[in-house]
Every structure is written in C-alpha cells, then in structure tokens.
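For the record, the sequence lines run as chains X and F.
Just so we're aligned, residue 1 is where the first sequence starts under the numbering used here, counting upward by one.
Just so we're aligned, residue 292 is where the second sequence starts under the numbering used here, counting upward by one.
Quick reminder that beta carbons are idealized off the backbone N, C-alpha and C, glycines included.
Fair warning: this is a prediction, and the values are worked out from it, not measured in the lab.
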Amino acid sequence: MKPWSRWRKAAHAALLVLVTVYCLFPIYFMLVQSLKTAEEDVFGNPLIVRHPTFENFEELFELRSGPARGYVGSVLRRSYPFLDWLENTLILFTGAVVITLVASVLAAYALGRLQPPGFRTWRRVIFASYIVPHTILFVPLYQVIMKLGLDDNLLALLIVYPTLAIPFCVWVLSAYFQHLPREVEESAFVEGAGRVATFFRIVLPMSRPVLVTAGIFALGTIASDFTLASVFLLSAHNQTIPAGLATMEVALDELLAVAGINLMAIPVVLICAVLARGYVRGLTASMLEGS
Amino acid sequence: MTVSDIPSRRARRTSVARQREIGVAYVLLAPTVILLVGVLAYPIAWEIWVSLTDLSPLNDGPARFVGLENYRRLAGDPQFWHAATVTIVYAVVTSVAKLGLGMVFALLLARPFRGRAFVFLAVFLPWAYPASVSVIGWYWTLSPPIPTAYSVFMGTLKWAVDSALGGGAWAFLSVTLFNIWRGSSFIGVFLLAGLNAVPPELFDCALLESKSAWRRFWLVTVPLLRPFLALAVFLSITTAFSDLTNVWMLTAGRIVFPVVGTQAYWLAIKSGQFGPGSALSLALVPFLLAVLVVFFWMFDRPETRRARGTA
Numbered sequence: 001m002k003p004w005s006r007w008r009k010a011a012h013a014a015l016l017v018l019v020t021v022y023c024l025f026p027i028y029f030m031l032v033q034s035l036k037t038a039e040e041d042v043f044g045n046p047l048i049v050r051h052p053t054f055e056n057f058e059e060l061f062e063l064r065s066g067p068a069r070g071y072v073g074s075v076l077r078r079s080y081p082f083l084d085w086l087e088n089t090l091i092l093f094t095g096a097v098v099i100t101l102v103a104s105v106l107a108a109y110a111l112g113r114l115q116p117p118g119f120r121t122w123r124r125v126i127f128a129s130y131i132v133p134h135t136i137l138f139v140p141l142y143q144v145i146m147k148l149g150l151d152d153n154l155l156a157l158l159i160v161y162p163t164l165a166i167p168f169c170v171w172v173l174s175a176y177f178q179h180l181p182r183e184v185e186e187s188a189f190v191e192g193a194g195r196v197a198t199f200f201r202i203v204l205p206m207s208r209p210v211l212v213t214a215g216i217f218a219l220g221t222i223a224s225d226f227t228l229a230s231v232f233l234l235s236a237h238n239q240t241i242p243a244g245l246a247t248m249e250v251a252l253d254e255l256l257a258v259a260g261i262n263l264m265a266i267p268v269v270l271i272c273a274v275l276a277r278g279y280v281r282g283l284t285a286s287m288l289e290g291s
Numbered sequence: 292m293t294v295s296d297i298p299s300r301r302a303r304r305t306s307v308a309r310q311r312e313i314g315v316a317y318v319l320l321a322p323t324v325i326l327l328v329g330v331l332a333y334p335i336a337w338e339i340w341v342s343l344t345d346l347s348p349l350n351d352g353p354a355r356f357v358g359l360e361n362y363r364r365l366a367g368d369p370q371f372w373h374a375a376t377v378t379i380v381y382a383v384v385t386s387v388a389k390l391g392l393g394m395v396f397a398l399l400l401a402r403p404f405r406g407r408a409f410v411f412l413a414v415f416l417p418w419a420y421p422a423s424v425s426v427i428g429w430y431w432t433l434s435p436p437i438p439t440a441y442s443v444f445m446g447t448l449k450w451a452v453d454s455a456l457g458g459g460a461w462a463f464l465s466v467t468l469f470n471i472w473r474g475s476s477f478i479g480v481f482l483l484a485g486l487n488a489v490p491p492e493l494f495d496c497a498l499l500e501s502k503s504a505w506r507r508f509w510l511v512t513v514p515l516l517r518p519f520l521a522l523a524v525f526l527s528i529t530t531a532f533s534d535l536t537n538v539w540m541l542t543a544g545r546i547v548f549p550v551v552g553t554q555a556y557w558l559a560i561k562s563g564q565f566g567p568g569s570a571l572s573l574a575l576v577p578f579l580l581a582v583l584v585v586f587f588w589m590f591d592r593p594e595t596r597r598a599r600g601t602a
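Right, here's the structure in full:
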C-alpha cells in the first residue's frame with residue numbers, strides 16, 4: 001500500500017481527534033460537574049474544575065434514613081437513601097445478567113446444537129420479540145406482577161429485565177453454537193463423555209468470547225433501563241439508582257445527582273472497558289467464524 | 292449445511308436418541324419461552340384485546356366491546372398523524388445518522404494506527420455509559436438549573452434554535468442528538484466486528500479491481516457487511532420506535548415533542564384511557580413487523596447462499 005501523503009495523515013489525525021472529543025465530551029462534562037462545589041458550579045468555568053472535591057459523593061453516602069426533609073444551612077433539602085439504591089442496583093444487575101446468560105445459553109444450545117424441528121422459526125420468533133416496546137406494556141405487565149405478588153419488589157425487575165436482552169443474546173449465541181464444527185463434540189462423545197460433561201468442558205470454554213459479548217450486551221441494556229425501574233419500584237428504599245436519581249429535585253440537588261450518575265456509571269463503564277475487546281471478538285466469532 | 296446432513300445424521304443415530312435430543316431441546320428452551328410469554332406475549336394479547344374495548348378505570352361497570360372504534364378515531368385524529376410523522380422522522384433521521392457515523396468509526400478503527408486502543412475505547416464508551424443515568428445528565432446539561440454557570444448560554448442557544456426553527460425544535464434536537472450519540476457508538480463497534488470478520492484478502496483483491504475508494508466502499512465493503520448492516524438498522528429502528536424513556540426524560544414529559552410512545556403513555560397511564568391508549572401504542576406495530584420481515588430477508592440470504600456453497 002502506498003504511504004500516505006502528509007495531508008492525508010493530517011486529515012486522518014484530525015478526524016480521530018474529532019471522533020474522540022465527540023464521544024467523550026458529554027462523559028467528561030458530567031464528570032467535571034460532579035467534582036464541583038456549589039460555589040464553583042455557579043461562578044466557575046463550566047468546562048473545567050479548579051478545586052475538585054468529593055463532597056458530592058460523600059454526601060450521597062452519609063444518609064440512609066430515607067426521604068426526609070430538613071434544613072441544610074438555610075435551604076430546604078431532602079435526603080436520599082443512596083446506599084439502599086446502590087445495594088438494590090448491584091443485586092438487580094448481577095441477578096438479571098446471570099439469569100439472562102443462563103436462559104440464553106440453554107436456549108441457544110437447544111437451537112444451535114440440538115436443532116429441534118423448526119429451530120429456525122423458533123430463533124426468528126424469539127428474536128422478533130425484540131420489536132415489542134416494553135414501555136407500552138406497563139398496564140398488563142403490572143397485572144402480571146401483581147398476580148405474582150411482586151409489586152414494589154426487586155424480584156419483579158429480575159423477571160422483566162432478562163427479556164430485554166434475551167432475544168439478542170439467543171440470536172448471537174445460537175449462531176455461534178450452530179457454526180461450531182460437529183467434530184468438536186463428537187470426539188468427546190466417542191471417548192465416552194456425556195452431553196452435559198462435553199458441554200461444560202468443551203463447548204462452554206470454547207464460546208467464552210461470545211459469552212462475553214452476550215454478557216456485555218445484557219449489562220449495557222439492563223443498565224440503560226430507567227422507565228421500568230421507576231414504574232415498578234415505588235418506595236424510596238426499593239429503588240435502583242436510575243429510578244432514585246429521577247426523583248431528585250432538579251434545582252437543588254443538581255450536583256448530588258450528577259455525582260450519583262457517575263457512581264452508577266463508573267463501575268459499568270469499567271467492566272465494559274475491560275471487556276471491550278472481547279465484546280468485539282465475540283461478535284465477530286458469532287457471525288462468521290467456523291461457518 | 293442442514294439439508295445435506297440430515298440423512299447422514301439419521302443414519303448415524305437411532306431415531307430414539309434423536310427423539311430424546313428433541314425433548315431435551317424443548318426443556319432447555321423452556322426458561323426463555325416462559326419468560327418471554329409471561330413478560331411479553333400475555334401483555335401483548337391483553338393490549339390487543341383492550342384496544343378493541345373502552346376499558347378505563349374511570350368508567351363504571353365492565354368494559355364494552357367497541358370493535359375498531361378506537362382505531363377509527365385515531366385515523367381521524369390529526370394529533371395522531373402528527374405524532375406518527377414525528378416518530379417516523381425521528382426513527383429515520385437517527386438511523387441514517389447513526390449508520391453513517393458508525394460506518395465512519397468502524398472504517399477508521401479497522402486499520403492499525405498509533406493510539407487505536409484509546410480511540411476504540413472512546414467510541415465504545417457512549418454506549419457503555421448507562422443511558423438511564425446519562426439521559427438525566429443530558430437533560431440537566433441541556434436545560435440547566437438557573438444558577439449554574441452555563442445556564443445563560445444554554446438558554447440563549449435554546450431560544451435561538453426555537454425561534455429559528457419553531458417551538459419544539461430544541462427538544463427534537465436534544466433527543467435526536469442523544470440518541471445519535473449513544474447509537475452511533477453501538478453501531479460503530481458492531482460494524483467494526485463485521486469488518487474484522489471479513490478476510491483481508493478480499494479487500495486486497497478489491498484494491499486491484501478498482502482505484503476509487505468510493506467505488507470499493509459501495510461494491511465491496513457494503514455488500515460484505517450486509518448482514519451486520521441489516522441487524523444494526525433493525526436494532527436502531529426498533530429502539531427509536533419504542534423510545535419513550537429518552538423523549539420523556541429529555542423533554543421532562545411535556546408534549547412539546549409528541550412521539551407515539553409518549554402520547555400513548557399520557558393517554559393510558561396519566562388519563563386512564565386504556566382502550567384508546569392501547570390502540571395508539573399498537574398502531575405502529577405493523578410498520579415494525581414490515582421492518583422485521585425485510586431484516587430477516589436481508590440477514591438470512593447470505594447465510595443460506597454460503598451454506599449451499601459449502602454443502
């Protein structure tokens with residue numbers, strides 16, 4: 001390939017800078033706001049922080065008493081059970097991602113390897129459920145949840161959240177399983193290993209990149225839900241971070257809320273960043289490798 | 292691959308073993324199917340039934356069956372057509388922008404350069420950053436509380452946009468920008484995975500065939516990426532259609548920017564009109580189904596062709 005001219009190199013570099021700034025600016029902006037004191041928020045430069053402080057973060061962790069109103073200084077403020085939110089979010093996200101992965105792997109193995117009659121149709125129907133907008137289903141969904149006695153309970157979302165990601169995860173995983181060469185399993189069968197042992201010792205370790213992809217997709221999708229959480233979790237102690245933050249008062253608690261946003265986002269972003277390469281590798285693998 | 296190896300598989304295994312295999316397959320499918328039926332199928336059936344009645348907690352007595360009355364009223368409602376237009380424009384505009392930007396990201400990242408890992412991470416982050424909280428951040432950035440240092444700037448910007456393009460333009464812009472920011476990241480990473488799956492020799496061959504990068508892009512890259520493009524477009528359109536959260540949050544639930552999702556939410560939840568609300572939320576489903584059919588057609592075609600080639 002010809003070496004690039006100087007102009008092309010410059011244009012390439014400029015484009016890269018532009019893309020990076022475009023992607024990172026909103027994240028940077030939210031991070032900067034959360035590190036500000038109230039004073040700097042009002043009088044400082046919005047783009048930089050001169051005296052970074054963690055006081056907004058500390059304030060979030062101070063109170064666990066639930067929504068109470070009281071005077072802080074001369075301003076009427078509410079306090080929020082942020083630690084409860086954090087705990088709920090952790091439990092819910094971990095649980096929902098695990099349920100999503102287990103259900104999707106089982107279904108994908110059935111469709112990709114065992115191939116019951118009409119497995120292509122099964123796969124399509126499961127994927128087609130992706131077009132159902134969950135947000136239009138509040139009323140009937142609420143009836144289901146009430147029947148199960150789960151309203152205002154984290155378990156309700158533990159049931160609902162996996163369905164957000166399962167269609168995509170089954171699609172990706174079953175495409176990968178289907179493309180795995182038959183010999184992979186058959187050599188193990190010949191040596192006398194059962195289907196279950198073969199699955200855990202050979203198929204599952206082989207599909208690690210695709211599992212990473214499914215897991216990251218599930219985490220990203222679940223962490224993005226805000227509406228379902230705020231509809232199904234009513235009392236302050238049961239809410240997750242997104243649902244709770246939305247109940248904050250805009251004018252008074254702006255900095256506190258931005259700190260909350262960061263506290264929720266940073267762990268998710270770190271997990272995703274560490275596994276980002278695996279995510280791409282898994283997507284590639286599920287689509288074409290081994291076909 | 293399936294057509295040709297079914298007989299050989301039958302020869303290898305007894306039909307009893309195959310029957311058992313099929314049984315196991317159904318057992319393994321059960322958790323997924325139960326979840327999807329409970330959370331999606333029942334509510335959809337309920338929604339379809341209710342859209343044919345006048346069910347509302349505000350009415351006394353049992354719901355009356357009204358047939359297609361709710362849909363007929365929708366068809367004659369200029370507000371519905373406005374919302375439907377806005378929704379479709381929103382879905383198309385964001386999808387085209389996301390696809391274009393995503394393609395640029397993917398092509399940029401496909402070849403090695405210094406600092407690629409960093410740029411890749413930057414492209415990945417808007418999607419990885421949970422939308423549930425970034426949307427709150429965006430809202431407060433675009434419509435800041437009065438005392439913040441940038442509220443005057445944002446206020447002026449909003450006023451300028453709204454007076455130049457009409458009321459609601461700022462709201463439309465902010466929702467669209469947020470959707471594009473997050474979606475282009477997802478699609479960029481997705482298409483990058485697609486590019487990685489293409490053997491590099493194909494691009495080298497293409498280089499000999501044509502000197503014009505533009506022609507190579509349309510004649511080689513796009514067709515090779517077709518299944519990925521189809522999946523990306525499909526995901527983008529469906530999320531834009533069911534996008535209630537982002538619109539709701541970024542416009543604080545006001546109807547300055549009516550999309551079908553927010554309108555249905557107002558009608559069903561806020562004013563208790565379950566019947567018309569259900570009809571409204573189902574009104575665009577045929578359109579989505581059409582998109583789905585096109586998607587399956589585009590996605591499965593190359594697969595079957597390849598399968599025939601290897602068989």
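Paired residues, beta bridge with residue i - DSSP
i: Phe356 of chain F; result: F:Thr344
Listed by chain order, chain F residues near residue i by CB distance under 9 Å
i: Met146 of chain X; result: Ordered by position in chain F, no residue passes the 9 Å Cβ test against Met146 of chain X, which lies about 13 Å from the chain.
i: Ile91 of chain X; result: Near Ile91 of chain X there are no residues of chain F at all, since even the closest Cβ is about 16 Å away, more than 9 Å.
Cross-chain neighbours of residue i in chain X, by beta carbon under 8 Å
i: Thr439 of chain F; result: Asp41, Val42, Pro46 and Glu254
i: Trp431 of chain F; result: Val250, Glu254, Ala257 and Val258
i: Glu492 of chain F; result: Chain X residues near Glu492 of chain F: none, gap ~14 Å exceeds 8 Å.
Residue environment, residue i, which counts as buried when at least 16 other CB atoms sit within 10 Å
i: Lys9 of chain X; result: exposed
i: Gly73 of chain X; result: Bear in mind that the predicted position of Gly73 of chain X carries a pLDDT of just 49, short of 50, making it unreliable; the figure below should be weighed with that in mind. Label assigned to Gly73 of chain X: exposed.
i: Trp431 of chain F; result: buried
i: Ala604 of chain F; result: Since the first residue shown for chain F is 292 and the last is 602, residue 604 of chain F is missing from the structure and cannot be characterised.
i: Val383 of chain F; result: exposed
i: Leu15 of chain X; result: exposed
i: Ser286 of chain X; result: buried
i: Pro46 of chain X; result: buried
i: Thr227 of chain X; result: buried
i: Leu204 of chain X; result: exposed
i: Gly70 of chain X; result: Its pLDDT being 49, under 50, Gly70 of chain X is placed unreliably by the model, and nothing is read from it.
i: Gly118 of chain X; result: exposed
i: Ala570 of chain F; result: buried
i: Val269 of chain X; result: buried
i: Leu580 of chain F; result: exposed
i: Phe168 of chain X; result: buried
i: Met394 of chain F; result: buried
C-beta contact flag for residue i and residue j at 8 Å
i: Glu40 of chain X; j: His51 of chain X; result: yes
i: Ser475 of chain F; j: Leu392 of chain F; result: yes
i: Val489 of chain F; j: Leu522 of chain F; result: no
i: Leu263 of chain X; j: Ala38 of chain X; result: no
i: Gly479 of chain F; j: Phe404 of chain F; result: no
i: Thr323 of chain F; j: Ala107 of chain X; result: yes
i: Ile131 of chain X; j: Leu327 of chain F; result: no
i: Gly282 of chain X; j: Thr213 of chain X; result: yes
i: Trp472 of chain F; j: Pro26 of chain X; result: yes
i: Leu114 of chain X; j: Ile313 of chain F; result: yes
i: Tyr381 of chain F; j: Val511 of chain F; result: no
i: Ile560 of chain F; j: Phe138 of chain X; result: yes
i: Ala555 of chain F; j: Thr385 of chain F; result: no
First and last residue of the uninterrupted alpha helix (DSSP H) at residue i
i: Leu31 of chain X; result: Arg6 to Ser34
i: Thr323 of chain F; result: Ser306 to Leu327
i: Val102 of chain X; result: Phe82 to Tyr109
i: Asp253 of chain X; result: Element bounds for Asp253 of chain X: n/a, residue is neither H nor E.
i: Asn470 of chain F; result: Ala460 to Ala488
i: Arg195 of chain X; result: Arg195 to Thr198
i: Phe189 of chain X; result: Arg182 to Val190
i: Asn153 of chain X; result: Here Asn153 of chain X belongs to no alpha helix (DSSP H), and DSSP marks it neither H nor E.
Beta-carbon neighbours of residue i, restricted to chain X and to distances below 7 Å
i: Leu483 of chain F; result: Val280
i: Trp418 of chain F; result: Gly220
i: Phe356 of chain F; result: Those do not exist, as Phe356 of chain F stays about 18 Å from chain X at its closest Cβ, beyond 7 Å.
i: Ile339 of chain F; result: By Cβ distance, chain X contributes nothing, its closest Cβ being about 10 Å from Ile339 of chain F, past 7 Å.
Under 7 Å from the C-beta of residue i: neighbouring residues of chain F
i: Thr163 of chain X; result: Leu326, Leu327, Val330 and Leu331
i: Ile202 of chain X; result: Within 7 Å Cβ-Cβ: nothing; Ile202 of chain X doesn't reach chain F, min ~17 Å.
i: Pro81 of chain X; result: Those do not exist, as Pro81 of chain X stays about 17 Å from chain F at its closest Cβ, beyond 7 Å.
Proximal residues of chain X, C-beta to C-beta of residue i below 9 Å
i: Gly393 of chain F; result: Correct list: empty, because the minimum Cβ distance to chain X is about 11 Å.
i: Asn470 of chain F; result: Near Asn470 of chain F there are no residues of chain X at all, since even the closest Cβ is about 12 Å away, more than 9 Å.
i: Tyr381 of chain F; result: Correct list: empty, because the minimum Cβ distance to chain X is about 14 Å.
i: Val616 of chain F; result: For chain F, the structure presents residues 292 to 602; residue 616 of chain F sits outside this window and is missing.
Chain F residues whose Cβ lies nearer than 8 Å to that of residue i
i: Ser104 of chain X; result: Thr323
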